[in-house]
Amino acid sequence: MKVCSLVLIWLISESTVDADSFECGRRKIKLNKAIVRGQDTSPGEWPWHAAVYRRTGFSDSYVCGGTLISDKFLLTADHCTKDDNGNGLVSKRIFIRLGVHNLQALNLQTLQQHDVLHVHRFGYSKGVKNDIAILELSTEVRFTEYVQPACINQVPDLTDQLGTVVGWGVTETDALTPVLKSSRMPAIGSIQCIESDRDIFGATLDRSLFCAGYTNGTTVCNGDSGGGIHFERDGAWYVGGLVSFTGVRDSGHLCRTKGYAGFTNVFHFLPWIWNITQLTSLAQKNNVVTLHTGEDPISSRTYPNYLPRNCGTRIVNRITRGQRANLYEFPWMAVLVSDEDFCMGTLISKRYVLTTIQCSRNPSPYQVKLGDYDIHRDRDCNVNDPTDCAPSTRLYDIEFIVLHQSYSRETRHNDIALVRLKTEVSFDDHIQPVCLPVTPQLQRMTFTEFTIAGWGVTDQADNLASILQKAKVPATECNTHSIARKRFPVDSASQICLELVTSDGPIACIGDLGGLLGNTVQFDNGLRFVQFGVVSYGKAACGKGPWIYTNVTHFMPWIRANLAA
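And the structure:
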């Protein structure tokens, strides 16, 4: 598979511009025309679009576009900051120009040129992954009618929104256009994108990327790297992503115009962007989460019961059999929103989510998403009835996280944490709390198999499942020669070690961390789903092998002691 590295930045409006912060995403020049496909733009029409240049010896050349987000910072693609061999360029070899409309006829009345003080890269960029960079400028930008900053998108799902691409890219005649052009195209859902070309998108698309474009020849191409695709709402424009790659044609280096492009999802990198820029408009997304050390339960003390009695219930008549979980089947599943690893938890009350310590720090999550089913869509519908749709997912800010005081990084013992939400959760059909083994009867139960659920890796390319998956795991305890026992000694009291008997059977996998191990049982005059384990760790790859679960029954006294009203 060959891909052509490109970058396209989304400018997407989200809401009205915050009056208390600097103004962004608004044009200062009035336009008297409608935007149509593939047309030249007017000076000042896209005042946040920048030209990124590379210095080579005594000459310099245009290499990419970029998007101004403040008077000191500019977003572009990571590959735009590297030489032809993929080595990172030092900052003095990069400079940017603002107020540019025609690359071959610079207007000195509108032009601003700034050197780069520092290139901020998001860790290790591999292939199309993490193709994002922030250029910190050495001098402050002066805002004019032709130079303005864009706002930054904070909406997680952009599917089906229509945007406008801006760039000096290669046209259908394979020539770089000197005049800035614009073209409209929609954001595409992940499934539709993958089905359009599995060779290009099947092994690369995950939640940090999304697709946009048409298959009729309207797409991005060479020279559009770092440029923008803009979406307007309430008169403001927001940057929401960077075009990362597309297919190539004729075994060469030019892009294939009849196909979608892959975009780096700016929303995925919001905490990192805030850490560098400290933009006030992003501060609310960088909730600094306090980590509390848990307390040992006092045996002589009676703790209040903050766990709901009405738990573990679901809409049974909407559930069918199969490996893919059904809408409403696991309404207690929670996604921990952070800027790196994908982790999960389970809702256990109106204020708490149960998860692991590994999912709670380095980095700490800053929000919890509830009511999710397809992680690439905000609205989920029944596969058997497209008109039967669940309410939208909900995001809850985190107040603090309680970590078990005796957690051992070396042994992974006591890998359990409680995430407290800032506000109470309102239960609905798609958001419900799971039951915990609160009674002696539940704590004494034994099973021949368990149920697991999650969005873990489902193929050899390490791609997370888009739709919630479920599986039955045989309750086969690990043998004494287990790999897990050799690497980390298993505590039979506080951990559950299960080993798959056959290599083709279901098991927890990477991405399921923090998820549940449970069963449907007869409890409290009805069938309830009870969580008995939390996915802690296991083999680096999916398939045959041991997986370790934190034993919820063992930690019930600790959970009760560390819950608050």
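For the sequence shown, the residue numbers in mature numbering (1 follows the signal peptide of the UniProt record, and there is no 0) are -19 to -1, 1 to 546. Quick reminder that beta carbons are idealized off the backbone N, C-alpha and C, glycines included. Here the structure is a predicted model, which means the values were calculated and not measured.
Under 7 Å Cβ to Cβ from residue i, same chain only, skipping five residues before and after it: list those, please.
i: D396; result: T337, I338, Q339, Y388, S517 and T531
i: C174; result: F182, L186, C192 and Y241
i: S119; result: H95, D96, V97 and L98
i: T37; result: none
i: N543; result: G275, E276, V383 and L399
i: P470; result: T392
i: M426; result: V502
i: L351; result: A315, L328, T374, R375, Y377, V406 and I412
i: T271; result: F381
i: K11; result: none
i: S72; result: V97, L98, H99 and V100
Just how far apart, CA to CA, sit residue i and residue j?
i: W528; j: L402; result: 29 Å
i: I379; j: C416; result: 21 Å
i: residue 547; j: G25; result: Absent from the model: residue 547. The displayed extent of the chain is -19 to 546, so no value can be given.
i: F311; j: F381; result: 25 Å
i: G208; j: C362; result: 34 Å
i: G519; j: S40; result: 54 Å
i: N500; j: W313; result: 13 Å
i: V349; j: C370; result: 21 Å
i: T91; j: G80; result: 5 Å
i: C478; j: D180; result: 37 Å
i: H273; j: P344; result: 15 Å
i: M166; j: L308; result: 31 Å
i: I16; j: E430; result: Bear in mind that the predicted position of I16 carries a pLDDT of just 41, short of 50, making it too unreliable to give a figure here.
i: W255; j: T374; result: 24 Å
i: S484; j: K453; result: For S484, the predicted model reports a pLDDT of 48, less than 50, meaning its position is unreliable; a value from the coordinates is still stated below. Cα to Cα, S484 sits roughly 14 Å from K453.
i: I85; j: K451; result: With the sequence shown as reference, residue 85 is identified as Gln, and Ile is not the correct amino acid for it. Near 57 Å, if we compare the C-alpha coordinates of K451 and Q85.
i: G216; j: W253; result: 27 Å
i: T258; j: H101; result: 10 Å
i: Q93; j: N365; result: 57 Å
Return yes when the Cβ of residue j is within less than 8 Å of the Cβ of residue i, no when it is not.
i: A168; j: A131; result: no
i: S509; j: T294; result: Rather than Ser, the amino acid found at residue 509 in this sequence is Arg. Yes, the pair counts as a contact, with Cβ atoms nearer than the cut-off.
i: H411; j: P372; result: yes
i: L423; j: F504; result: yes
i: F244; j: G144; result: no
i: D205; j: G6; result: no
i: L139; j: G221; result: yes
i: L49; j: A32; result: no
i: V511; j: L335; result: no
In chain order, what residues of the same chain lie with their CB nearer than 6 Å to the CB of residue i, ignoring the 5 residues before and after it?
i: D52; result: E121 and V122
i: Q476; result: I529 and N532
i: H82; result: P24 and L161
i: H385; result: G275, N395 and I397
Between residue i and residue j, which are expected to be in contact by the criterion C-beta below 8 Å, what is the C-beta distance as a whole number of angstroms?
i: W539; j: P289; result: Not a contact, Cβ separation roughly 19 Å.
i: L70; j: D64; result: 6 Å
i: V146; j: S171; result: Incorrect: roughly 20 Å between the Cβ atoms, too far for contact.
i: Y347; j: V316; result: Not quite, the Cβ-Cβ distance comes to about 12 Å (not below 8 Å), so this is no contact.
i: R8; j: R35; result: No, R8 and R35 are not in contact; Cβ-Cβ is about 29 Å, not under 8 Å.
i: T283; j: P418; result: Wrong, their Cβ atoms sit about 19 Å apart, outside the cutoff.
i: C292; j: P421; result: Actually they are not in contact, since the Cβ atoms of C292 and P421 sit about 17 Å apart, beyond 8 Å.
i: L263; j: I77; result: Their Cβ separation, rounded to whole angstroms, is 21 Å, which puts L263 and I77 out of contact at 8 Å.
Does at least one heavy atom of the ligand PLP sit under 7 Å from the Cβ of residue i?
i: T337; result: Looking at this structure, you won't find the ligand PLP or any other ligand, since it has none at all.
Give a yes or no on whether the minimum CB-CB distance between residue i and chain B is below 8 Å.
i: M314; result: The structure shown has no chain B; it contains just one protein chain.
Next on the checklist: Taking 8 Å as the cut-off, does the segment 399 to 415 touch the segment 327 to 340 (at least 3 CB pairs, one atom from each stretch)?
Outcome noted: yes
Checklist entry - Can at least three beta-carbon pairs, one atom from the segment 59 to 66 and one from the segment 111 to 119, be found at a separation below 8 Å? => result yes
Checklist entry - Would you call the segment 124 to 140 and the segment 25 to 40 in contact, with 3 or more CB pairs under 8 Å? => result yes
Next on the checklist: Taking 8 Å as the cut-off, does the segment 428 to 436 touch the segment 491 to 501 (at least 3 CB pairs, one atom from each stretch)?
Outcome noted: yes
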